[in-house]
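Novice:
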Amino acid sequence: MKYLRLILSNLKRKKLRTTLTALSILVAFILFGYLAAVKVAFNQGVDVAGIDRLVVRHKVSIIQFLPESYKDRMLKIDGVDLAVHATWFGGIYQKPSNFFAQMPVDPEPFLDMYPEYLLEPEEKKAWLETRTGAIVGRVTADRFGWKVGDRIPIQATIWTKKDGSSAWEFDLVGIYEGAEKGTDTSTFFFRHDYFDEARQWGEGNVGWYYVRVKDPERTAEVAAAIDAEFANSPAETKAEPEGAFFQGFANQVGNIARILMAILTAVFFTILLIAGNTMAQTVRERLNELAVLKAVGFTDRGVLGLVLGESCLLAAIGGLIGLALAWVAITYGGDPTNGAFPVFYFPVRDIVIGVLLVLFVGFAAGILPSIQAQRLRIADALRR
Amino acid sequence: MSQDNGLLVDVRGVDKVFKRGAEKIHVLGGLDLEIPEGEFLALMGPSGSGKSTLLNLIGGLDKPTQGEVHVAGKRIDKLSDRKLASWRARHVGLVFQFYNLLPVLSAARNVELPLLLTRLNSKQRKQQVDTAMTIVGLSHRMKHYPRTLSGGEQQRVGIARAIVTDPTLLLCDEPTGDLDRKAGDEVLELLQTLNESQGKTIVMVTHDPHAAARASRTLYLDKGQLGEEPIE
Ligand SMILES: Nc1ncnc2c1ncn2[C@@H]1O[C@H](COP(=O)(O)OP(=O)(O)O)[C@@H](O)[C@H]1O
Ligand SMILES: [Mg+2]
Numbered sequence: 009m010k011y012l013r014l015i016l017s018n019l020k021r022k023k024l025r026t027t028l029t030a031l032s033i034l035v036a037f038i039l040f041g042y043l044a045a046v047k048v049a050f051n052q053g054v055d056v057a058g059i060d061r062l063v064v065r066h067k068v069s070i071i072q073f074l075p076e077s078y079k080d081r082m083l084k085i086d087g088v089d090l091a092v093h094a095t096w097f098g099g100i101y102q103k104p105s106n107f108f109a110q111m112p113v114d115p116e117p118f119l120d121m122y123p124e125y126l127l128e129p130e131e132k133k134a135w136l137e138t139r140t141g142a143i144v145g146r147v148t149a150d151r152f153g154w155k156v157g158d159r160i161p162i163q164a165t166i167w168t169k170k171d172g173s174s175a176w177e178f179d180l181v182g183i184y185e186g187a188e189k190g191t192d193t194s195t196f197f198f199r200h201d202y203f204d205e206a207r208q209w210g211e212g213n214v215g216w217y218y219v220r221v222k223d224p225e226r227t228a229e230v231a232a233a234i235d236a237e238f239a240n241s242p243a244e245t246k247a248e249p250e251g252a253f254f255q256g257f258a259n260q261v262g263n264i265a266r267i268l269m270a271i272l273t274a275v276f277f278t279i280l281l282i283a284g285n286t287m288a289q290t291v292r293e294r295l296n297e298l299a300v301l302k303a304v305g306f307t308d309r310g311v312l313g314l315v316l317g318e319s320c321l322l323a324a325i326g327g328l329i330g331l332a333l334a335w336v337a338i339t340y341g342g343d344p345t346n347g348a349f350p351v352f353y354f355p356v357r358d359i360v361i362g363v364l365l366v367l368f369v370g371f372a373a374g375i376l377p378s379i380q381a382q383r384l385r386i387a388d389a390l391r392r
Numbered sequence: 521m522s523q524d525n526g527l528l529v530d531v532r533g534v535d536k537v538f539k540r541g542a543e544k545i546h547v548l549g550g551l552d553l554e555i556p557e558g559e560f561l562a563l564m565g566p567s568g569s570g571k572s573t574l575l576n577l578i579g580g581l582d583k584p585t586q587g588e589v590h591v592a593g594k595r596i597d598k599l600s601d602r603k604l605a606s607w608r609a610r611h612v613g614l615v616f617q618f619y620n621l622l623p624v625l626s627a628a629r630n631v632e633l634p635l636l637l638t639r640l641n642s643k644q645r646k647q648q649v650d651t652a653m654t655i656v657g658l659s660h661r662m663k664h665y666p667r668t669l670s671g672g673e674q675q676r677v678g679i680a681r682a683i684v685t686d687p688t689l690l691l692c693d694e695p696t697g698d699l700d701r702k703a704g705d706e707v708l709e710l711l712q713t714l715n716e717s718q719g720k721t722i723v724m725v726t727h728d729p730h731a732a733a734r735a736s737r738t739l740y741l742d743k744g745q746l747g748e749e750p751i752e
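Chains as they are written, first to last, in the working numbering: chain Y, 9 to 392; chain B, 521 to 752.
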């Protein structure tokens with residue numbers, strides 16, 4: 009560590025240049041943090057998908073309905089443990105930008121299917137007892153400041169009521185927490201029986217099914233059996249693992265993620281040039297001093313190490329502060345869209361990748377200048 | 521330290537040729553030089569005659585094209601660059617015309633530099649730095665940065681850096697070349713003291729006969745050869 013002071017004093021040589029370089033690295037790593045958080049937000053469905061769960065939808069498209077009667081037929085198929093349906097409600101709370109998903113489901117089997125939604129026993133009880141009852145996840149509840157007992161008005165865009173109105177009201181009976189960090193706690197669930205009875209049209213139809221298989225090893229087999237069961241019927245199905253279903257969903261927004269990656273790549277390329285240029289300049293300015301170090305006995309490799317260390321330290325100062333700021337802003341500042349993302353956090357895996365990237369930037373920016381320093385011949389440099 | 525024959529430095533039949541593009545510059549040709557331990561040798565000669573080149577060969581900063589360089593009983597011209605670096609760290613103290621201090625380090629930190637390569641801990645290093653700075657009469661300038669010191673003071677810091685490892689050999693390339701007469705004299709006096717009271721072997725390149733007069737012997741370099749007399 010005795011060399012650290014030497015490296016540090018060299019960084020202090022041109023404070024403005026060092027600061028500007030470190031700042032550009034810092035900004036790049038804040039951006040990196042945000043993009044990582046946005047990426048998990050897009051992919052969260054894939055990451056949290058149960059390996060023993062299938063999604064069964066209409067073969068043609070997700071927006072076409074399946075009969076509610078399919079449930080009993082699915083349950084008879086060998087390997088099927090549980091089947092529950094859900095339907096896209098697509099309502100608006102106050103204004104369209106307050107987007108979150110709402111779905112009617114059957115409370116009991118649904119909660120059984122999704123143990124990652126943690127609901128207090130008395131809240132569950134209240135839901136089973138309240139026909140107009142609804143539950144919502146923590147993220148959305150906090151977003152709108154809802155509390156248990158609130159009446160939530162939702163304006164339907166698809167589902168008009170029998171009385172011709174599109175104003176639905178639900179009684180909030182529970183707020184569920186996610187079992188894990190990545191669990192989506194944005195969706196609003198209400199009772200299918202209430203929905204089915206009150207809606208003007210589409211009675212007896214549902215959007216899609218979630219199916220739990222008994223043996224995760226046999227998921228593909230069971231999916232094929234389900235599709236076979238409904239083949240040649242008016243509503244043929246497509247059963248696929250939940251992960252694949254969300255993947256298809258994520259792919260639609262995936263283009264955005266790809267654009268973000270392209271931006272990030274360009275940004276990193278730019279900071280590599282900036283940091284590389286800083287290091288090249290600093291070495292060029294002090295060829296004489298580097299030669300003096302060699303003259304007093306530093307080896308070629310030692311001098312290489314000093315320059316590379318300087319480059320890595322520069323990257324570390326900017327990069328680690330950037331990562332730390334990104335973490336603080338993401339963790340405490342939260343989702344910049346104010347809740348449109350189901351989850352928003354800086355995953356540990358990406359923090360580790362970030363740290364490795366910091367080292368890579370330091371190394372890549374410093375390697376050529378440090379090789380130049382290593383090759384420097386004392387007698388030539390001191391003649392200057 | 522010395523060889524059986526009492527020589528600290530033994531340069532034998534050394535040629536040094538520089539290539540500049542296609543052009544070859546023969547700087548030293550069949551040069552011999554013997555320096556006994558404890559000598560204060562002045563090297564004079566016209567500019568471009570190869571004085572610095574010779575000093576670099578003795579100090580292991582460069583290698584001869586031909587011939588042998590022995591210092592303290594060790595042949596150094598065949599050492600690998602890596603071995604040569606650590607050999608320099610132990611045996612050679614260098615003093616330059618333009619001091620060559622690192623501007624980003626305080627005087628004390630500059631002097632400490634060669635000690636970073638040793639196994640000494642920070643307390644021992646500090647002690648050695650104190651001693652060296654006291655010898656050169658700058659114990660009150662430890663925390664000063666080079667740009668805040670006068671030329672003479674900077675050169676004395678340079679000397680402190682050169683002696684802090686207690687090297688076998690002190691090599692000075694025009695140490696007074698950039699100083700006025702008074703500061704130059706102080707530096708020469710310091711070198712003389714190091715030679716006389718501490719027995720340091722010193723080789724000093726100089727242009728200045730007045731400076732050379734301080735040495736115990738003066739040699740003249742011209743046309744790639746050394747002689748006892750200046751060649752007119
Ligand atoms: N590294 C080098 N590359 C090419 N030519 C050199 C190099 N070092 C010295 N020379 C040439 O060798 C000659 C002697 O240089 P030098 O030893 O510096 O002379 P002095 O110190 O006596 O003034 C000069 O002509 C110089 O141009
Ligand atoms: Mg010279």
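Beta carbons: idealized from backbone N, C-alpha and C, even for Gly.
Considering only residues of the same chain and omitting the five flanking positions on each side of Val723/B, which have a CB-CB separation below 6 Å?
Specialist: Leu561, Leu691
Novice: Could you give the first and the last residue of the continuous beta strand (DSSP E) run that contains Pro161/Y?
Specialist: Pro161/Y -> beta strand (DSSP E) spans 159-163.
Novice: Below 7 Å, is the gap between the Cβ of Asp388/Y and the nearest heavy atom of ligand 1?
Specialist: yes
Novice: Could you round the C-beta distance between Ala393/Y and Leu74/Y to whole angstroms and report it? I think they count as a contact, below 8 Å.
Specialist: What the structure shows of chain Y is the stretch from 9 to 392, and residue 393/Y is not part of that stretch, so it cannot be assessed.
Novice: What is the rounded straight-line gap between the Cα of Ile545/B and the Cα of Arg391/Y?
Specialist: 16 Å
Novice: On the DSSP bridge list, what partners appear for Leu553/B?
Specialist: Val531/B
Novice: What first and last residue would you give for the beta strand (DSSP E) that runs through His93/Y?
Specialist: 88-94
Novice: DSSP three-state label for Thr191/Y, please.
Specialist: Coil at Thr191/Y, not helix or strand.
Novice: For a contact meaning CB atoms closer than 9 Å, what does Ala592/B contact in chain Y?
Specialist: Going along chain Y, no residue has its Cβ under 9 Å from Ala592/B, so there is no contact; the nearest lies around 16 Å.
Novice: Taking the straight line between their C-alpha atoms, what separation do you get for Ser32/Y and Leu637/B?
Specialist: 35 Å
Novice: To the nearest angstrom, how far is the alpha carbon of Ala733/B from that of Phe616/B?
Specialist: 19 Å
Novice: Considering only their Cβ atoms, is the gap separating Ile143/Y from Glu124/Y smaller than 8 Å?
Specialist: no
Novice: Name the chain B residues that come within less than 8 Å of Arg292/Y, Cβ to Cβ?
Specialist: Going along chain B, no residue has its Cβ under 8 Å from Arg292/Y, so there is no contact; the nearest lies around 16 Å.
Novice: Determine the direct distance from the alpha carbon of Lys133/Y to that of Leu180/Y, and round the result to whole angstroms.
Specialist: C-alpha separation (whole angstroms): 13 Å.
Novice: Could you tell me which residues DSSP puts in a beta bridge with His590/B?
Specialist: Asp530/B, Arg595/B
Novice: Just to check, is the beta-carbon of Ile545/B closer than 7 Å to a non-hydrogen atom of ligand 1?
Specialist: yes
Novice: Provide the residue span of the alpha helix (DSSP H) that contains Glu7/Y, from first to last.
Specialist: Not covered by the structure: residue 7/Y. The range shown for chain Y is 9 to 392.
Novice: Measure the beta-carbon distance from Asp60/Y to Arg220/Y and round it to whole angstroms, keeping in mind my assumption that it falls under 8 Å.
Specialist: 6 Å
Novice: Have a look at Pro566/B and Thr27/Y and give me their C-alpha separation to the nearest angstrom.
Specialist: The alpha-carbon atoms of Pro566/B and Thr27/Y are separated by roughly 47 Å.
Novice: Helix, strand or coil for Thr245/Y per DSSP?
Specialist: strand
Novice: Taking only runs of the alpha helix (DSSP H) that begin and end inside the segment 322-357 of chain Y, which ones reach a length of at least 4 residues, in chain order?
Specialist: none
Novice: Tell me whether Gln606/B counts as near ligand 1, meaning its Cβ is closer than 7 Å to at least one heavy atom of that ligand.
Specialist: With the sequence shown as reference, residue 606/B is identified as Ser, and Gln is not the correct amino acid for it. Outside the cutoff, so no.
Novice: Just checking Asp742/B against ligand 2 - is the residue's beta carbon closer than 7 Å to any of the ligand's heavy atoms?
Specialist: no
Novice: With DSSP as the reference, identify every bridge partner of Met564/B, one or two as the case may be.
Specialist: Beta-bridge annotation (DSSP): Met564/B is paired with Tyr740/B.
Novice: Rounded to whole angstroms, what is the Cα-Cα separation between Gly678/B and Lys47/Y?
Specialist: 57 Å
Novice: Check the Cβ-Cβ distances between Thr29/Y and every residue of chain B, and say whether any is below 8 Å.
Specialist: no
Novice: List, in order along the chain, the chain B residues whose C-beta lies closer than 9 Å to that of Val315/Y?
Specialist: Correct list: empty, because the minimum Cβ distance to chain B is about 14 Å.
Novice: Could you confirm whether any beta carbon from chain Y is found closer than 8 Å to the beta carbon of Ser522/B?
Specialist: Caution is warranted here: a pLDDT of 44 is assigned to Ser522/B, below 50, making its placement in the model unreliable, and the coordinate value is therefore given only provisionally. It does not; no Cβ of chain Y falls within 8 Å.
Novice: Do you know whose CA, among Leu280/Y, Gly327/Y, Thr339/Y, lies nearest Leu364/Y's CA?
Specialist: Gly327/Y
Novice: Measure the CB-CB distance between Ile375/Y and Leu316/Y and report whether it falls below 8 Å.
Specialist: yes
Novice: Would you mind sorting Asp269/Y into buried or exposed? The rule is 16 or more other CB atoms within 10 Å of its CB.
Specialist: Residue identity check: residue 269/Y is Met in the sequence provided, not Asp. Exposed, because fewer than 16 other Cβ atoms sit within 10 Å of the Cβ of Met269/Y.
Novice: At a Cβ threshold of 8 Å, is Ser378/Y touching chain B?
Specialist: Nearest CB-CB separation between Ser378/Y and chain B: not below the 8 Å threshold.
Novice: Taking the alpha-carbon positions, what's the Lys103/Y to Trp335/Y distance?
Specialist: 31 Å
Novice: Going by beta carbon distance, what residues of the same chain come within less than 7 Å of Leu527/B, once the five residues before and after it are set aside?
Specialist: Answer for Leu527/B: Glu554, Ile555, Pro556, listed in chain order.
Novice: Give the straight-line distance between the Cα atoms of Thr95/Y and Asn285/Y, rounded to the nearest whole angstrom.
Specialist: 57 Å
Novice: Let me know the secondary structure DSSP gives Tyr125/Y once reduced to three states.
Specialist: strand
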